[in-house]
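Remarks on the structure that follows.
What follows is the structure, given as structure tokens:
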């Protein structure tokens, strides 16, 4: 069983993760307040949007502010690199410094670690995260295309083999067939590892079906937007919850 804070990623209705993308402390606090009457499970702090992200002190203040607003919330810490669709470019060494710092603050429940980064550094993060009881979501994002069935399954299984608690893959479809490829690959991996959560999505309007069909094909977490979407195709969080409930019931 894999948990993010008090949220269990299991085989039922997918849990909902809402990204917050404030560029300042005030914006982050405002986004947290905006979520007070929303139904969701996990907040993803997209720290790559923070304008002072190159300062660990500023990152620490952001973490403290979000944790203060969400004292019992499940928080996923993510720095999405520029290569995989993020806002800010930083040296890879600092990328790993950020994740290590976030883990050691004790203010996050999970961290995102990109699969195609330095393997030695990834292994160090996995060790540190385990020592601090922080869940690791290993991820890969392709904003240009959808990989082949074999490539998708290979990446997801590779993440598992490397030691990820959760494997995540998001890609951009160019056709309806691409969406089917992603869903079929998701089902294939899930059937091999029925008790281990994975997260997949096909992005953009074309891929919207993948964001609501996790209970059928095996994706344990889906992303819905609050004030601003962090990726193309995200549904507004209230709408997303209503659709998931309707499909579940």
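Residue numbers (my numbering): 24 to 272. No residue lacks a Cβ here, since even glycine has one placed at the ideal position from N, Cα and C.
Reduced DSSP secondary structure (H/G/I, E/B, other) of residue i
i: residue 136; result: strand
i: residue 102; result: coil
i: residue 46; result: coil
i: residue 264; result: helix
i: residue 131; result: coil
i: residue 61; result: coil
i: residue 250; result: coil
i: residue 53; result: helix
i: residue 229; result: helix
i: residue 198; result: coil
i: residue 209; result: helix
i: residue 112; result: coil
i: residue 242; result: strand
i: residue 204; result: helix
i: residue 67; result: strand
i: residue 259; result: strand
Member of the options whose CA lies at the smallest distance from the CA of residue i
i: residue 29; options: 94, 89 and 84; result: 94
i: residue 266; options: 249, 250, 236 and 248; result: 236
i: residue 185; options: 260, 150, 223 and 172; result: 150
i: residue 247; options: 31, 42 and 34; result: 42
i: residue 102; options: 164, 50 and 52; result: 164
i: residue 171; options: 110, 192, 158 and 204; result: 204
i: residue 231; options: 257, 221, 222 and 220; result: 257
i: residue 190; options: 92, 221 and 174; result: 221
i: residue 138; options: 84, 263, 77 and 182; result: 182
i: residue 17; options: 250, 264 and 69; result: Given that the chain is displayed from residue 24 to residue 272, the structure contains no residue 17 and the question cannot be resolved.
i: residue 260; options: 54, 32, 90 and 272; result: 54
i: residue 56; options: 92, 271, 40 and 63; result: 92
i: residue 134; options: 52, 33, 74 and 66; result: 66
i: residue 166; options: 97, 225, 206 and 176; result: 225
Rounded separation between residue i and residue j - CA only
i: residue 125; j: residue 105; result: 19 Å
i: residue 274; j: residue 155; result: Residue 274 is absent from the structure shown; the chain starts at 24 and stops at 272.
i: residue 117; j: residue 179; result: 25 Å
i: residue 136; j: residue 161; result: 5 Å
i: residue 107; j: residue 157; result: 23 Å
i: residue 111; j: residue 49; result: 19 Å
i: residue 59; j: residue 72; result: 21 Å
i: residue 192; j: residue 80; result: 31 Å
i: residue 88; j: residue 45; result: 12 Å
i: residue 173; j: residue 123; result: 32 Å
i: residue 188; j: residue 218; result: 11 Å
i: residue 159; j: residue 99; result: 9 Å
i: residue 119; j: residue 272; result: 42 Å
i: residue 69; j: residue 51; result: 10 Å
i: residue 132; j: residue 78; result: 21 Å
i: residue 76; j: residue 233; result: 31 Å
Residue range of the beta strand (DSSP E) that includes residue i
i: residue 172; result: No beta strand (DSSP E) contains residue 172, which is instead part of the alpha helix (DSSP H) from 172-185.
i: residue 192; result: 189-194
i: residue 26; result: 25-27
i: residue 159; result: 158-165
i: residue 236; result: Residue 236 -> no beta strand (DSSP E), and no H or E assigned at all.
i: residue 32; result: 30-32
Span of the alpha helix (DSSP H), counted from its first residue to its last, around residue i
i: residue 82; result: 79-92
i: residue 149; result: 142-154
TODO: Tell me, please, whether the segment 204-221 touches the segment 241-248 by the rule of three or more beta-carbon pairs shorter than 8 Å.
DONE: yes
Open item on the list: Across the segment 194-204 and the segment 131-145, are there enough close Cβ pairs to call them in contact, namely three or more that are closer than 8 Å?
Closed with: no
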